[in-house]
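Okay, so the sequence shown: first residue is 556 according to the numbering used here, each after it adds one. Built from N, CA and C at the ideal position, the CB exists for glycine as well. Taking it in order: structure first as structure tokens, then the write-up.
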Amino acid sequence: MAGLRTRWSTVRTGIDEAAHRAGRDPARIRLLPVSKTVPVERLRYAVAAGMTEFAENKPQEIQKKAPALAGAPELPAVRWVAIGHLQTNKARIIAEYASEFQALDSVRLVETLQRRLELLADAGKDRTLDVMVQVNTSGEESKTGAAPEEVDAILGATAGCDRLRVRGFMTVATHTRETTEVRRCFAELRGIRDRARSSGIVDPEPLTELSMGMSGDYPLAVAEGATCVRVGTAIFGARPPA
């Protein structure tokens, strides 16, 4: 547990220092631990060390881990965040177990998630879902996310969805040592967020979040305005080979 707490604290300190360099308030930047491939037993230690939310790429991992941690009464409640590309046939899992979804990338997915949440409400499970639109700012075909020109249509589709609460945007920057290109990806997402807030398509007040930056580039993301950084390796250590 001590090792997890130390690594968590080290990353938190790095975020705070990057925020101060950028003239930002560190308290406005959320550190989101990415727990993919981390077993439930280790997550129990993480919760005991003070972590109360985790992000997963795969819906089935949330489906497996959420009940396991919820069944430990000595631990505080855990909030689950889905950050990976979602096939519509897995939307039911996200609707049922996740509190937040950061990879909204199509109108079809908007409609599917809304419908799944409506079905849960009909069954007596009244749930809403915080969502972020994932945008492919790098232009790389290997990365998922909506194209920048598709953002308005996705936002428009959420306008009538009472079960979805749009909070902002997410991106994954180009993996390169060229910091100028990495920062360009982050700056583009910030611009998309700012334009969306002034477009009138959705209520601008809650549309504030920028989820960007991971273990290798979060200081650059903080400098460009990140409000949420997604960190796995720097907290939990290197993942085992696939």
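inquiry  = When you compare the segment 568-576 with the segment 771-781, are there three or more beta-carbon pairs, one atom per stretch, that lie closer than 8 Å?
reply    = yes
inquiry  = If you follow the alpha helix (DSSP H) that residue 774 is in, where does it begin and where does it stop?
reply    = Here residue 774 refers to the residue found at position 219 of the sequence shown. Its alpha helix (DSSP H) spans residues 773-778.
ask   = How about residue 657 and residue 766: do their beta carbons lie closer than 9 Å?
value = As a first step, residue 657 is located in the sequence shown; it is residue number 102 there, counting from the start. As a first step, residue 766 is located in the sequence shown; it is residue number 211 there, counting from the start. It is a contact, given that the beta carbons lie within the stated cut-off.
query = Closest to residue 680 by CA distance: which of 712, 647 and 769 is it?
reply = Here residue 680 refers to the residue found at position 125 when the sequence shown is read from its first residue. Comparing Cα positions, the closest option is 647.
ask   = If you compare alpha carbons, which of 604, 769, 754 and 581 is closest to residue 629?
value = As a first step, residue 629 is located in the sequence shown; it is residue number 74 there, counting from the start. Of the candidates 604, 769, 754 and 581, the one whose C-alpha sits nearest the C-alpha of residue 629 is 604.
query = How big is the Cα-Cα spacing for residue 724 and residue 764?
reply = Residue 724 sits at position 169 when you count from the first residue of the sequence shown. Residue 764 sits at position 209 when you count from the first residue of the sequence shown. Answer to the nearest angstrom: the Cα atoms are 6 Å apart.
query = Between which two residues does the beta strand (DSSP E) carrying residue 689 extend?
reply = Counting from 1 along the sequence shown, the entry for residue 689 is found at position 134. That run of the beta strand (DSSP E) goes 684-689.
request  = Apply the 10 Å Cβ neighbour rule to residue 596 and answer buried if 16 or more other Cβ atoms are within range, or exposed otherwise.
outcome  = Position 41 of the sequence shown, counted from the first residue, corresponds to residue 596. By the 10 Å Cβ count, residue 596 comes out exposed.
message = What residue range does the alpha helix (DSSP H) around residue 602 cover?
response = The residue you call residue 602 lines up with position 47 of the sequence shown. First-last of the alpha helix (DSSP H) with residue 602: 595-603.
ask   = Based on Cα-Cα distance, which residue from 793, 794 and 786 lies nearest to residue 588?
value = To locate residue 588, count along the sequence shown from 1; it is residue 33. Closest by alpha carbon: 786.
message = Buried or exposed for residue 700, going by 16 or more other Cβ atoms inside 10 Å?
response = Indexing the sequence shown from 1 puts residue 700 at position 145. Counting Cβ neighbours within 10 Å, residue 700 comes out buried, since at least 16 surround it.
ask   = Where are the beta strand (DSSP E) runs, 3 residues long or more, that stay fully inside the segment 687-752, in chain order?
value = 719-725
query = From this set, 685, 660 and 740, which residue's C-alpha is nearest residue 692's C-alpha?
reply = Reading the sequence shown from its first residue, position 137 is the one you call residue 692. When only C-alpha atoms are compared, the closest one is 740.
request  = Can you check DSSP and say which residues form a bridge with residue 636?
outcome  = Taking the first residue of the sequence shown as position 1, residue 636 is located at position 81. Note: residue 636 sits in a beta bridge opposite 610 and 655.
ask   = With a CB to CB cut of under 7 Å and the five nearest residues on each side skipped, what residues in its chain are close to residue 757?
value = Along the sequence shown, read from residue 1 onward, the residue named residue 757 stands at position 202. Answer for residue 757: 710, 713, 714 and 721, listed in chain order.
ask   = Cβ of residue 576 less than 9 Å from any chain B Cβ?
value = Among the protein chains of the structure shown there is no chain B, as only one such chain exists.
query = Quick one: Cα of residue 616 to Cα of residue 644, how far?
reply = As a working mapping, residue 616 is identified with position 61 in the sequence shown. As a working mapping, residue 644 is identified with position 89 in the sequence shown. Distance between the alpha carbons of residue 616 and residue 644: 15 Å.
key: Euclidean distance between Cα positions of residue 690 and residue 622   = Position 135 of the sequence shown, counting from 1, holds the residue named residue 690. Position 67 of the sequence shown, counting from 1, holds the residue named residue 622. Spanning the two alpha carbons is a distance of roughly 31 Å.
request  = Look up residue 630 in the DSSP assignment and say whether it is helix, strand or coil.
outcome  = Numbered from its first residue, the sequence shown carries residue 630 at position 75. Three-state result, residue 630: coil.
request  = Report the partner residues of residue 759 according to the DSSP bridge assignment.
outcome  = Within the sequence shown, residue 759 is the residue found at index 204, counting from 1. Looking at the DSSP assignment, residue 759 forms no beta bridge with any residue, so it has no partner.
ask   = Roughly how many whole angstroms lie between the Cα atoms of residue 769 and residue 606?
value = Locating residue 769 in the sequence shown gives position 214, counting from the first residue. Locating residue 606 in the sequence shown gives position 51, counting from the first residue. Those two C-alpha atoms are separated by around 17 Å.
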